[in-house]
Amino acid sequence: MSGRVRTRVDRGTGEVVAYSDAAVRNNLAVIEYCRTSMAALSGGTAGLLGLTGLYGFLFFLVAGMVLWLLLLVKAGARWQRFFVSRQSLLTSGIFSGLFTYILCWTFLYGMVHVY
Numbered sequence: 001m002s003g004r005v006r007t008r009v010d011r012g013t014g015e016v017v018a019y020s021d022a023a024v025r026n027n028l029a030v031i032e033y034c035r036t037s038m039a040a041l042s043g044g045t046a047g048l049l050g051l052t053g054l055y056g057f058l059f060f061l062v063a064g065m066v067l068w069l070l071l072l073v074k075a076g077a078r079w080q081r082f083f084v085s086r087q088s089l090l091t092s093g094i095f096s097g098l099f100t101y102i103l104c105w106t107f108l109y110g111m112v113h114v115y
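Read in UniProt numbering, the sequence shown has 115 at position 115, and its numbers run on one by one without any break.
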């Protein structure tokens, strides 16, 4: 996994932190896969539960926050080794996940509660 290495100075300790572009891209791809899987599963769950309107969107937000917390727990106290910022874990790919969620949510809601 060769690639360009970027560096930055940590504000708290003054240490130089190096990031491999290839490793950062790989970590973001894994996060995108997790977010898409979470969106499909939680959308299906919301559809099966019969959630409608704002309750369905709140369910998406809760599922997204749970995924974010699980990723932080998995990364541990040294999350800086794997990700550039915690905010990017929460916000990256949010709209693609939302579209997947709505697709699964409406499909399963229609299959179970309408037909």
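The beta-carbon is built from N, C-alpha and C at its ideal position, and this holds for glycine as well.
- Distance from the CA atom of Y33 to the CA atom of Y115, rounded to whole angstroms, is 31 Å.
- Residue nearest to N26 within the set F82, V112 and A77 is F82 (criterion: CA-CA distance).
- Approximately 7 Å separates the beta-carbon atoms of G47 and T106; this is inside 8 Å, confirming the contact.
- Residue state for S20 is assigned as strand, using DSSP reduced to three classes.
- Taking the Cβ atoms as the reference, G43 lies roughly 7 Å from L103, within the contact range of under 8 Å.
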